[in-house]
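Chemist: For the sequence shown, the UniProt record's numbering gives the first residue as 1, with consecutive numbering after it.
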Amino acid sequence: MTGSKKKAKVTRASGAVKGAVSKEASGAKNASKQALSKKAVSKKSPTKRAAATESDAERDERIRAAATCDLRPPNIAPAIRQVMMPRDTNANGTIFGGVILAQIDLAAAIEAHRWHGGRLVTVAMNSIVFKEPVHVGDLVSFYTSTIKKGRTSVRVRVDVWSQRRFGSKAYIPVTAAEVTMVAIDEDGKPTPIESSEAAPLY
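Here's what the structure looks like:
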């Protein structure tokens, strides 16, 4: 009996040791997998960051290229030409963007009225881009062109150029926008555009 009990105890002890060793090995294996996973993630992260940085760099390069390319103003008479005054400035001392937008709206209306002599209202301003600041004394020109004439609407492109009056005499594009005008009747309802051809802009 004594020998059997001792043998049973030895067997149980051996099983416990094997279980502990197995658990320890399993834990080490899991820890190794987690470490490898973290290492893989850390390797991927710089790549993703680099890709994002490259994308930003490419975008910045495109912007710089667009800003420095040899652009020329449209070879047409502007719808509006105006010298900017001190009353038009914002808190930074440059011309307030709202003033430029108001003139864009007027210029678009002038272009749209080449197609329609009746009432027109602005329903949308899209793709507005402020490229460069405008300064007091700048001679600003608003060039217009019809993008599309629909049954009751006219979509107009307005390109704004500024001739610097102080320092350099550069003539540069400063703002661009697309404006949609709709013809309306006396009740404010959309009505067909009158003309199929645009009248000349003198």
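All C-beta atoms, glycine included, are put in the ideal place defined by N, C-alpha and C. Note that the coordinates shown come from a computational prediction; the quantities given were computed from them, not determined experimentally.
Any contact of the region 100 to 110 with the region 145 to 153, i.e. 3+ C-beta pairs under 8 Å?
Modeler: Taking 8 Å as the limit for Cβ pairs, the verdict is that the region 145 to 153 does not touch the region 100 to 110.
Chemist: Going by the CB atoms, is the gap between E132 and V182 shorter than 7 Å?
Modeler: In this structure, E132 does not lie closer than 7 Å to V182 by Cβ.
Chemist: Indicate whether S162 and V140 have their beta-carbon atoms separated by less than 7 Å.
Modeler: Yes. Within cutoff.
Chemist: Could you tell me which of E186, A170 and F142 sits nearest to A77, measuring between CA atoms?
Modeler: The residue with the shortest Cα to Cα distance from A77 is F142.
Chemist: For T89 and I95, what's the separation of their Cα atoms in angstroms?
Modeler: Answer to the nearest angstrom: the Cα atoms are 4 Å apart.
Chemist: Shortest alpha-carbon distance to K148 belongs to which of V83, I193 and M84?
Modeler: For K148, the nearest C-alpha among the options comes from I193.
Chemist: Just the C-alpha distance for S127 and E186, rounded to the nearest angstrom, thanks.
Modeler: Distance between the alpha carbons of S127 and E186: 30 Å.
Chemist: In the DSSP assignment, what are the bridge partners of F142?
Modeler: Paired residue(s): I80 and V160.
Chemist: Identify the continuous alpha helix (DSSP H) that holds L101 and give its terminal residues.
Modeler: It spans G97 to A112 - the alpha helix (DSSP H) in which L101 sits, taken as one unbroken run.
Chemist: Return the CA-CA distance between S196 and P73, expressed in angstroms with no decimal places.
Modeler: C-alpha separation (whole angstroms): 27 Å.
Chemist: Please list, in chain order, all residues of the same chain as I184 whose beta carbon is under 7 Å from its beta carbon, the five residues on each side excluded.
Modeler: Taken in chain order, the residues that qualify are R119, V121, P190 and T191.
Chemist: Quick one, which of K169, R157, I110 and G137 has its alpha-carbon nearest Q82's?
Modeler: Selected option, being the one with the closest Cα: G137.
Chemist: Measuring only the C-alpha atoms, how far is L201 from L101?
Modeler: L201 and L101: Cα-Cα distance of roughly 21 Å.
Chemist: Using the C-alpha atoms, what's the distance from A199 back to K48?
Modeler: Low per-residue confidence applies at K48: pLDDT is 43, beneath 50, and the placement is therefore not dependable, though the value from the model is reported in the following sentence. Near 55 Å, if we compare the C-alpha coordinates of A199 and K48.
Chemist: Do V134 and M85 have their beta-carbon atoms positioned less than 7 Å apart in this structure?
Modeler: Not a contact, by the Cβ cut-off of 7 Å.
Chemist: Taking S145 and R157 to be in contact with their CB atoms under 8 Å, please state how far apart those CB atoms are, rounded to whole angstroms.
Modeler: Correct: roughly 5 Å between the Cβ atoms.
Chemist: Smallest Cα separation from E111: which of I172, D159, G188 and A170?
Modeler: Minimum Cα distance to E111 is reached at D159.
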